[in-house]
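Colleague:
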Amino acid sequence: MNTQPKLNSIQLAQRKKKLLRKFALIQRMTADTDGGSFTISGTGAYTNGSHINLPLGDFNDPEYLDMLEGMLDHENGHCKHTNFGAWRAITDNLTHGLSNLFEDLRIEKLVGDEYPGAKSNLENLVKIAIKRKMFDKPRITDTALSLVQKFFLYRGRTEILGQTSLNEYSKDVGPLLQNALPNSYQDLCDVLKEAANNKSSADAIATARKVIAILKQELQEQEDQQQDQPKDDSDSNDESSSNGNSDDSSNGESSSNDDSDDSSNGESSSNGDPDDNSMDESSSNGDSDDNSNDESSSNGDSDDNSNGDNSSNEDSDESSDGNDSSNDNGQRSPGQATIQDLKNALNAKPSDLIGDLHKAIEKLMEEKAEEAEKEFKSEYGRFARPKFALESCKFSLFAGVPPWITRAGPITQRMRQVLNSVVYAHNKTERSYERSGNTIAAGELWGVSAGNSRIFQNETRHRAPNAAFQILVDKSGSMTEEPMVLANIAAYSIASAIEFIKGAECEVLYYPVPGKRLEAVHIAKAFNEKMASCRNRSFNITSSKATPTAEALLTALSRIGVRKEPKKVIFLITDGDTDDCSVNEVLKDCDAVGVDVIGIGIGTEQLAGFEDRPHVSITDANELAPQLFNYVRAFYQK
1 MNTQPKLNSI QLAQRKKKLL RKFALIQRMT ADTDGGSFTI SGTGAYTNGS HINLPLGDFN
61 DPEYLDMLEG MLDHENGHCK HTNFGAWRAI TDNLTHGLSN LFEDLRIEKL VGDEYPGAKS
121 NLENLVKIAI KRKMFDKPRI TDTALSLVQK FFLYRGRTEI LGQTSLNEYS KDVGPLLQNA
181 LPNSYQDLCD VLKEAANNKS SADAIATARK VIAILKQELQ EQEDQQQDQP KDDSDSNDES
241 SSNGNSDDSS NGESSSNDDS DDSSNGESSS NGDPDDNSMD ESSSNGDSDD NSNDESSSNG
301 DSDDNSNGDN SSNEDSDESS DGNDSSNDNG QRSPGQATIQ DLKNALNAKP SDLIGDLHKA
361 IEKLMEEKAE EAEKEFKSEY GRFARPKFAL ESCKFSLFAG VPPWITRAGP ITQRMRQVLN
421 SVVYAHNKTE RSYERSGNTI AAGELWGVSA GNSRIFQNET RHRAPNAAFQ ILVDKSGSMT
481 EEPMVLANIA AYSIASAIEF IKGAECEVLY YPVPGKRLEA VHIAKAFNEK MASCRNRSFN
541 ITSSKATPTA EALLTALSRI GVRKEPKKVI FLITDGDTDD CSVNEVLKDC DAVGVDVIGI
601 GIGTEQLAGF EDRPHVSITD ANELAPQLFN YVRAFYQK
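Residue 1 is where the sequence shown starts when you use full-length UniProt numbering, and the numbers rise one by one after that.
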């Protein structure tokens, strides 16, 4: 038995608000749509491309609801717009990772344009990711591959999807990527602009391959540049060697020039230009044959100076050689992409790719679902499991004239009399006579001479409030032939009688029936349908399957709970043999949103969850009207 303290009016209002949000979610998930099918159950998230299961968490947790709404929109977008055949054909990691990024941008843009509120739901996922640190901020220490992915992730979501929560990330990643890949940055920006116009999954894959082509081109250019550097050194050596080939030069001069050439190799490698002063001196030495000794002496001085210059250049050359070596080994200066960086990017392993946002969200939902299940078991026992609503749709399996329809006629007449007597008791007009007003009561004028001044008639009309009725019928295997007939007659009679009450709407649901994936609820008559149009199409029903009363009652509550009528009631027709204790949890939700539940036991007085709630028991259809009279009257008097 629940011993939780009673909620005050403010807490009740907050709980009602949360439940209405929950019901709206259930309506989305259980509706028969052209997108993918959804279930919420257990503690695991999985999909096969056409069906998605999300973990069942605590619907009182706003963060869980935000994740659920966002994931519904995201996964529905994949089911409607993604070509999974093209997806499965991708073989390499980098193409798959980038394609997934561009496909998410494409389908979320479509979903945001198609469904009101979806754009906000999807950005709520981003806000949760930022709060939970699922997004990694761009840093100068990031690899080229990491910056490329972050650029398209953050810039794409801000510029294409308008997710302003990522503005700071988007602003930071641009300069870092431009610094890492200055020659390719503009090409990558152009690819992002093109991605906004992607029309298919094939386009998303093609966009990913454009990015890879840009990275390959960047790698090729850097490799070509590295290969050109030794060629410059060779040209410099040839030029220096020719400077030492004067016919009239002494051996000392030639030797000196050779030494100078050796020491200047590092300088040539660094800047590609030989020493101009040394070259001029060597050239002038070859112009005179007579003064070779002086020239040799002169050259010795020159060589000393040259060697001194070259000695200073050697330090610079060693530094330059160190940079070349670090490029070859895959190291780099801060912020600059190296050849090895690009090779690593193009040969990326799954661990090199940034994590998928939606996988991280699913993991968080699974953790919350495990926590919610643990709390539920602690209250209801280790074998108890929290339940969720069933799919609801109209099935064609129950067409045909029901064999019991003639027996339902007299019962319907009695039910109509009962309901009319209750409703019309509230539809009354009270008259009073006042000293002022707009309408003079002619019959009261005779008393004026006697001093009666109350001759103005005022009328106050009392009308029964609009009401929504829902009839939920158990058709499980335990409802054998005659109990099932009795349940059918009761449901049909109540619905037919309600149809004649002004301001009242009615819906009839049966459970369980086979759904797309799991069990479902059959809509025999929707709120906007007439009984005459449904009689021979939806009520020829026999019993079968288990008794998921909690799930079916939650489905019914989600449908009636969002309606505008001030009065709402659910008639639950069952033999009381429910599957588990979760009915109590759903009945608490009914109380929170102001929906009365009246149990109608077929051949039993024991209804699970109704020990302290209004319920009746019938063994014959003729007992239905008198048994319900007091409860319906009390319902309208509240």
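We treat Cβ as the ideally placed atom computed from N, Cα and C, and that holds for glycine. All figures in this text were calculated on a predicted structure; none of them were measured in a lab.
Just verifying my parser: in three-state terms, what is the DSSP assignment at residue 53?
Modeller: Numbered from its first residue, the sequence shown carries residue 53 at position 53. DSSP places residue 53 in strand when its eight states are reduced to three.
Colleague: Decide yes or no for the touch test of the segment 530 to 543 against the segment 440 to 452: beta carbon pairs closer than 8 angstroms, at least 3 of them.
Modeller: Contact between the segment 530 to 543 and the segment 440 to 452 is absent, because fewer than three Cβ pairs lie under 8 angstroms.
Colleague: Would you call the segment 502 to 513 and the segment 369 to 376 touching, i.e. three or more CB-CB distances under 8 angstroms?
Modeller: No: the two stretches stay apart, fewer than three of their Cβ pairs being nearer than 8 angstroms.
Colleague: Relative to the alpha-carbon of residue 655, which residue among 127, 174, 507 has its alpha-carbon at the smallest distance?
Modeller: Residue 655 is absent from the structure shown; the chain starts at 1 and stops at 638.
Colleague: With respect to the beta strand (DSSP E) encompassing residue 178, which residues constitute its N-terminal and C-terminal limits?
Modeller: Sequence index remark: in the sequence shown, residue 178 carries index 178 (1-based). Unbroken run through residue 178 is the alpha helix (DSSP H), 167 to 180; no beta strand (DSSP E).
Colleague: List the residues that DSSP assigns as beta-bridge partners of residue 618.
Modeller: If you number the sequence shown from 1, residue 618 lands on position 618. Answer is 602.
Colleague: Go through its chain and collect everything with a Cβ distance to residue 97's Cβ below 6 angstroms, but skip five positions before and after it.
Modeller: As a working mapping, residue 97 is identified with position 97 in the sequence shown. Result list for residue 97: 353, in chain order.
Colleague: Counting pairs of Cβ atoms below 8 angstroms between the segment 591 to 601 and the segment 609 to 622, do you hit three or more?
Modeller: Counting Cβ pairs under 8 angstroms, three or more are found: they touch.
Colleague: Kindly indicate which three-state DSSP category residue 568 falls into: helix, strand or coil?
Modeller: As a first step, residue 568 must be located in the sequence shown, where it is residue number 568. Strand, per DSSP.
Colleague: Helix, strand or coil for residue 474, going by three-state DSSP, please let me know.
Modeller: Counting from one through the sequence shown, the residue named residue 474 turns up at place 474. Three-state result, residue 474: strand.
Colleague: Within the continuous beta strand (DSSP E) that includes residue 505, where are the two ends?
Modeller: Position 505 of the sequence shown, counted from the first residue, corresponds to residue 505. First-last of the beta strand (DSSP E) with residue 505: 504 to 514.
Colleague: Are the CB atoms of residue 432 and residue 458 nearer to each other than 7 angstroms?
Modeller: Residue 432 sits at position 432 when you count from the first residue of the sequence shown. Residue 458 sits at position 458 when you count from the first residue of the sequence shown. In contact: residue 432 and residue 458 (Cβ atoms closer than 7 angstroms).
Colleague: Measuring CA to CA, which of 14, 18, 72, 93 is closest to residue 348?
Modeller: In the sequence shown, the residue the question calls residue 348 occupies position 348. With distances taken between Cα atoms, residue 348 lies closest to 93.
Colleague: Among 365, 384, 107, 485, which residue has its Cα nearest to the Cα of residue 195?
Modeller: One-based indexing of the sequence shown puts residue 195 at position 195. Residue 195 has its Cα closest to that of 107, out of 365, 384, 107, 485.
Colleague: Take residue 469 and list the residues in its own chain whose beta-carbon comes closer than 6 angstroms to its own, dropping the five residues that flank it on each side.
Modeller: As a position in the sequence shown, residue 469 is number 469, starting the count at 1. The residues are 498, 506, 569.
Colleague: Is it true that the CB of residue 122 sits closer than 7 angstroms to the CB of residue 81?
Modeller: Residue numbering aside, residue 81 sits at position 81 when the sequence shown is read from its first letter. Residue numbering aside, residue 122 sits at position 122 when the sequence shown is read from its first letter. No, Cβ-Cβ distance for residue 81 and residue 122 is not below 7 angstroms.
Colleague: Since residue 388 and residue 40 are thought to touch, with beta carbons under 8 angstroms apart, how far apart are those beta carbons, to the nearest angstrom?
Modeller: The residue labelled residue 388 in the question sits at position 388 within the sequence shown. The residue labelled residue 40 in the question sits at position 40 within the sequence shown. That belief holds up - the Cβ atoms of residue 388 and residue 40 are roughly 5 angstroms apart, short of 8 angstroms.
Colleague: Identify every residue that forms a DSSP beta bridge with residue 393.
Modeller: Here residue 393 refers to the residue found at position 393 of the sequence shown. 522, per the DSSP bridge assignment.
Colleague: Using 7 angstroms as the threshold, is the C-beta distance between residue 43 and residue 550 below it?
Modeller: Here residue 43 refers to the residue found at position 43 of the sequence shown. Here residue 550 refers to the residue found at position 550 of the sequence shown. Cβ atoms of residue 43 and residue 550: not closer than 7 angstroms.
Colleague: On a Cα-Cα basis, can you pick out the residue from 133, 405, 508 that is closest to residue 485?
Modeller: Position 485 of the sequence shown, counted from the start, is the residue given in the question as residue 485. When only C-alpha atoms are compared, the closest one is 405.
Colleague: For residue 554, collect the residues of the same chain with a Cβ closer than 6 angstroms to its Cβ; drop the 5 residues on either side in sequence, then sort them by chain order.
Modeller: For the purposes of this step, residue 554 is taken as residue 554 along the sequence shown, with counting starting at 1. Excluding residues within five positions, the ones whose Cβ falls inside 6 angstroms are 389, 586.
Colleague: Between 100, 607, 179, which lies nearest to residue 153 when the distance is taken from Cα to Cα?
Modeller: Stepping through the sequence shown from its first residue, residue 153 is reached at position 153. Minimum Cα distance to residue 153 is reached at 100.
Colleague: Going by DSSP in three states, residue 457 sits in which element: helix, strand or coil?
Modeller: The residue labelled residue 457 in the question sits at position 457 within the sequence shown. DSSP places residue 457 in strand when its eight states are reduced to three.
Colleague: Mapping the DSSP letters down to three states, classify residue 375 as helix, strand or coil.
Modeller: In the sequence shown, residue 375 corresponds to position 375, counting from 1. The answer is helix: DSSP assigns residue 375 an H, G or I state.
Colleague: Can you give the Cα-Cα distance for residue 95 and residue 212, rounded to whole angstroms?
Modeller: Locating residue 95 in the sequence shown gives position 95, counting from the first residue. Locating residue 212 in the sequence shown gives position 212, counting from the first residue. So the two alpha carbons sit approximately 8 angstroms from each other.
Colleague: Taking the straight line between their C-alpha atoms, what separation do you get for residue 547 and residue 574?
Modeller: Taking the sequence shown and counting its residues from 1, the one referred to as residue 547 is at position 547. Taking the sequence shown and counting its residues from 1, the one referred to as residue 574 is at position 574. Distance between the alpha carbons of residue 547 and residue 574: 9 angstroms.
Colleague: Buried or exposed: where does residue 477 fall if 16 or more other Cβ atoms within 10 Å of its Cβ makes it buried?
Modeller: The sequence position of residue 477 within the sequence shown is 477, counting from 1. Exposed: under 16 other Cβ atoms inside 10 Å.
Colleague: Output needed for residue 219: all residues of its chain with C-beta closer than 8 angstroms, excluding positions within five of it in sequence on either side, in chain order.
Modeller: Taking the first residue of the sequence shown as position 1, residue 219 is located at position 219. Hits under 8 angstroms: 339, 342, 343, 346.
Colleague: Taking 7 angstroms as the cut-off, decide whether the C-beta atoms of residue 558 and residue 23 are in contact.
Modeller: Reading the sequence shown from its first residue, position 558 is the one you call residue 558. Reading the sequence shown from its first residue, position 23 is the one you call residue 23. Taking 7 angstroms as the Cβ cut-off, residue 558 and residue 23 qualify as a contacting pair.
Colleague: Please list the terminal residues of the continuous alpha helix (DSSP H) segment that includes residue 99.
Modeller: Position 99 of the sequence shown, counting from 1, holds the residue named residue 99. Residues 93 to 114.
Colleague: Note down, in chain order, each residue of its chain lying with its Cβ closer than 6 angstroms to the Cβ of residue 623, except the 5 sequence neighbours on either side.
Modeller: Locating residue 623 in the sequence shown gives position 623, counting from the first residue. Same-chain partners within the cutoff: there are none.
Colleague: Would you kindly work out how many angstroms separate the C-alpha atoms of residue 190 and residue 512, rounded to a whole number?
Modeller: For the purposes of this step, residue 190 is taken as residue 190 along the sequence shown, with counting starting at 1. For the purposes of this step, residue 512 is taken as residue 512 along the sequence shown, with counting starting at 1. Between residue 190 and residue 512, the C-alpha separation is close to 54 angstroms.
Colleague: Can you check DSSP and say which residues form a bridge with residue 552?
Modeller: For the purposes of this step, residue 552 is taken as residue 552 along the sequence shown, with counting starting at 1. In the DSSP output, where bridge partners are listed per residue, residue 552 has none listed.
Colleague: Can you check which of these residues, 448, 455, 451, 450, is closest to residue 639 by C-alpha distance?
Modeller: Nothing can be reported for residue 639, as the shown portion of the chain is limited to 1 through 638.
Colleague: Ends of the beta strand (DSSP E) at residue 38?
Modeller: Residue numbering aside, residue 38 sits at position 38 when the sequence shown is read from its first letter. Element bounds for residue 38: 37 to 40.
Colleague: For residue 355, does the count of other Cβ atoms within 10 angstroms reach 16, so buried, or fall short, so exposed?
Modeller: If you number the sequence shown from 1, residue 355 lands on position 355. So residue 355 counts as exposed.
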